[in-house]
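Chemist: full-length UniProt numbering numbers the first residue of the sequence shown as 1 and each following residue consecutively. We treat Cβ as the ideally placed atom computed from N, Cα and C, and that holds for glycine. Bear in mind that the values here come from a model prediction, so they are computed numbers and not experimental data.
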Amino acid sequence: MLPSLSSGSLKQSPLCLDYQATTPCAAEVVKAMAAYWSEDWGNASSRQHRSGLKAAAAVSLAREQLACHLRVTPQRVIFTSGATEANNLALVGHARARAEQRGAPGHLITLVTEHHAVLDPLRQLQKEGFRLTELQPRADGLLRPEQLAEAFENDTLLVSVMVANNETGVIQPLAELSELCRKRDVVLHSDAAQAFGHVHLDADALGLDLVSISGHKLYGPKGIGALVVRPEVPIKPLQWGGGQEQGLRPGTLPVPLIVGLAKAVELAMEDITSRQDKLCTLRNQLWDGLRERLPDLILNGSLEHRLPHNLNITIPGVRGSNLHQQLRPLIACSSGSACSQGAPSHVLMALGRTSAEAEASIRLSLGRNTSSEEITQAVESISNVVTDLRAR
Numbered sequence: 001m002l003p004s005l006s007s008g009s010l011k012q013s014p015l016c017l018d019y020q021a022t023t024p025c026a027a028e029v030v031k032a033m034a035a036y037w038s039e040d041w042g043n044a045s046s047r048q049h050r051s052g053l054k055a056a057a058a059v060s061l062a063r064e065q066l067a068c069h070l071r072v073t074p075q076r077v078i079f080t081s082g083a084t085e086a087n088n089l090a091l092v093g094h095a096r097a098r099a100e101q102r103g104a105p106g107h108l109i110t111l112v113t114e115h116h117a118v119l120d121p122l123r124q125l126q127k128e129g130f131r132l133t134e135l136q137p138r139a140d141g142l143l144r145p146e147q148l149a150e151a152f153e154n155d156t157l158l159v160s161v162m163v164a165n166n167e168t169g170v171i172q173p174l175a176e177l178s179e180l181c182r183k184r185d186v187v188l189h190s191d192a193a194q195a196f197g198h199v200h201l202d203a204d205a206l207g208l209d210l211v212s213i214s215g216h217k218l219y220g221p222k223g224i225g226a227l228v229v230r231p232e233v234p235i236k237p238l239q240w241g242g243g244q245e246q247g248l249r250p251g252t253l254p255v256p257l258i259v260g261l262a263k264a265v266e267l268a269m270e271d272i273t274s275r276q277d278k279l280c281t282l283r284n285q286l287w288d289g290l291r292e293r294l295p296d297l298i299l300n301g302s303l304e305h306r307l308p309h310n311l312n313i314t315i316p317g318v319r320g321s322n323l324h325q326q327l328r329p330l331i332a333c334s335s336g337s338a339c340s341q342g343a344p345s346h347v348l349m350a351l352g353r354t355s356a357e358a359e360a361s362i363r364l365s366l367g368r369n370t371s372s373e374e375i376t377q378a379v380e381s382i383s384n385v386v387t388d389l390r391a392r
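(1) With a cut-off of 8 Å on the beta carbons, I'd call Val-386 and Gly-289 a contact; round off their distance for me.
(2) Could you tell me whether the segment 183 to 199 touches the segment 209 to 218, where touching means 3 or more Cβ pairs closer than 8 Å?
(3) Identify the continuous alpha helix (DSSP H) that holds Leu-286 and give its terminal residues.
(4) Would you report the Cα separation of Leu-29 and Asp-388, rounded to the nearest angstrom?
(5) Using 10 angstroms around the beta-carbon of Asn-369, count the other beta-carbons present and answer buried if the total reaches 16, otherwise exposed.
(6) Reducing DSSP to helix, strand and coil, say where Asp-185 ends up.
(7) Which residues share a DSSP beta bridge with Glu-134?
(8) For Arg-123, which residues in the same chain have their Cβ closer than 8 Å to its Cβ, ignoring the five residues on either side in sequence?
(9) Residues bridged to Asp-18 by DSSP?
(10) To the nearest whole angstrom, what separates the beta carbons of Asn-165 and Gly-197, a pair I think is in contact under 8 Å?
(11) Which residue's Cα is closest to the Cα of residue 397: Thr-281, Arg-291, Leu-351, Ile-382?
(12) Could you name the residues of the same chain whose beta carbon sits closer than 6 Å to that of Gln-276, not counting the 5 residues immediately before and after it, in chain order?
(13) Less than 8 Å between the beta carbons of Asp-155 and Gly-93, yes or no?
(14) Where does Gly-225 sit, in a helix, a strand or coil, going by DSSP?
(15) Does DSSP put Ala-195 in a helix, a strand or coil?
(16) What first and last residue would you give for the alpha helix (DSSP H) that runs through Gln-211?
(17) Can you give, in chain order, each stretch of the alpha helix (DSSP H) that sits fully within the segment 22 to 59 and has at least 4 residues?
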């Protein structure tokens, strides 16, 4: 007999402040997807009958809605399984296409603080003969445009800099970076998984050639994302068989997930400004409250250039393992990326933290329904745990 997960068998859930790891699927999103799981279950590629045509129409409408919010044409939106696949398709697909055109691999640039969904594909390209420069940001997590300018080489093909860091929430000066890339005819990719739906994002205004987004970071379903491609940017597919998504991402389209993504983006755009204001206020309440109780806290990353719902702090004087063990039943938070599998944060170490300091750090990320009362509770819980650990 399988173990039960009924509410009676589980302890009370901790306060959730880990909304950058993932978000709950909004009720409106679940409702929008419902019919496409069992009633309108047709294959969007089967256009010889009503069921397939209805599925195709749903995908087409979702693509148009998503493109509208991204301020691009629908043809530029390629659906993927998430931002990780979109990053791989963008980086590996474009680099290989350019290498084929040139007859040789070239030079790539990124930040050492990027998510591994960017770093790992680029390091794979290194094994294929490409040269890779990983730039070190300033102590506040920001990349200076002059750093990028100095890193260009004659055969630089591609630059990848995320909109906002997944651990520190630091927002990079992409408009300035893209201007440098345009002057050298270098393609600029940006992983926008943590930013899209949380801050205003206009890909063309920022000069982005390739943009990756994810559904589950903005109250949509897991397993769906998209790559936004500027028309003149060549990309080679990474898989074959079917020809869907302009031949770049073959396979049967997950109609419910695509519909859910579009609905999640619609909801995000409806309250994006008010949500930014609310969460920025709550984030500042959290930071001020913690500093009042624990004055020696270290803020990781720029506070000015930051996602409104992110706070990342290092707590001196405690062991990271003890800190997280004591916080676990009280607050759902993280020590870094949900994909880092327990290793010390490479992002924080790049900002100057030691391995021990990185382990004694926490990322607190707020959600749409986070309240002022919950922030007060978080301040109390974290302060009490740290005070107790320091007294041992």
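Modeler: Looking at the atomic coordinates:
(1) About 13 Å; that fails the 8 Å criterion.
(2) yes
(3) 272 to 293 is the extent of the alpha helix (DSSP H) around Leu-286.
(4) For clarity, residue 29 is Val in the given sequence; the question names Leu instead. For Val-29 and Asp-388, the distance between alpha carbons rounds to 42 Å.
(5) Exposed, by the Cβ-count rule.
(6) coil
(7) Partner(s): Thr-110.
(8) Leu-132
(9) Ser-365
(10) In fact, because the Cβ distance is near 16 Å, the residues do not count as touching under 8 Å.
(11) Here the chain comprises residues numbered 1 to 392, so residue 397 is not present and cannot be evaluated.
(12) Pro-308
(13) no
(14) strand
(15) coil
(16) Just to set this straight, residue 211 is Val in the shown sequence, not Gln. First-last for Val-211: 210 to 214, but that is the beta strand (DSSP E), not the alpha helix (DSSP H).
(17) 27 to 38
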